[in-house]
Amino acid sequence: VIADATDLTSPKLYKSGSSEGEIYRSIRDGAGETMPSFRAQIGDEDLWHLVNFIRSLWPEAQRPKVVE
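Residue numbers (the numbering used here): 47 to 114.
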């Protein structure tokens, strides 16, 4: 069986969107039949840490600007 995992280093390939809210929602609620919901396993703050980690994997030119 071949996994249908998204290449996290290429946001243009994300099927459910690449905005921070879309990534958050995909992790929390699942994405289609291949990715389950992690709502019960991961708390809200840790979900945001995952969103930020995923976005840190992107090529530098595609990363959102840091707002301080």
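Positions of the beta carbon are idealized from the N, C-alpha and C atoms, including for glycine. In this text, all values refer to a predicted model and were calculated from it rather than measured experimentally.
Tell me, to the nearest whole angstrom, how far the beta carbon of residue i is from that of residue j; I am working on the premise that it is less than 8 angstroms.
i, j, result
"TRP104", "PRO57", "6 angstroms"
"SER83", "ASP90", "With 8 angstroms as the limit, SER83 and ASP90 do not qualify as a contact, their Cβ atoms being about 14 angstroms apart."
Compute the distance between the beta-carbons of residue i and residue j, then report whether it is under 9 angstroms.
i, j, result
"GLU66", "VAL113", "no"
"LEU59", "ASP53", "yes"
"ALA64", "ALA77", "Reading the sequence as shown, one finds Ser at residue 64 and not Ala. No; because the gap between Cβ atoms is not below 9 angstroms, this pair is not in contact."
Could you give the residue range of the alpha helix (DSSP H) that holds residue i?
i, result
"ASP134", "No information on residue 134 is available, as it lies outside the stretch 47 to 114 that the chain covers here."
"ARG85", "Careful: ARG85 lies outside any alpha helix (DSSP H) and carries neither H nor E."
In three-state terms, what does DSSP make of residue i?
i, result
"ALA107", "helix"
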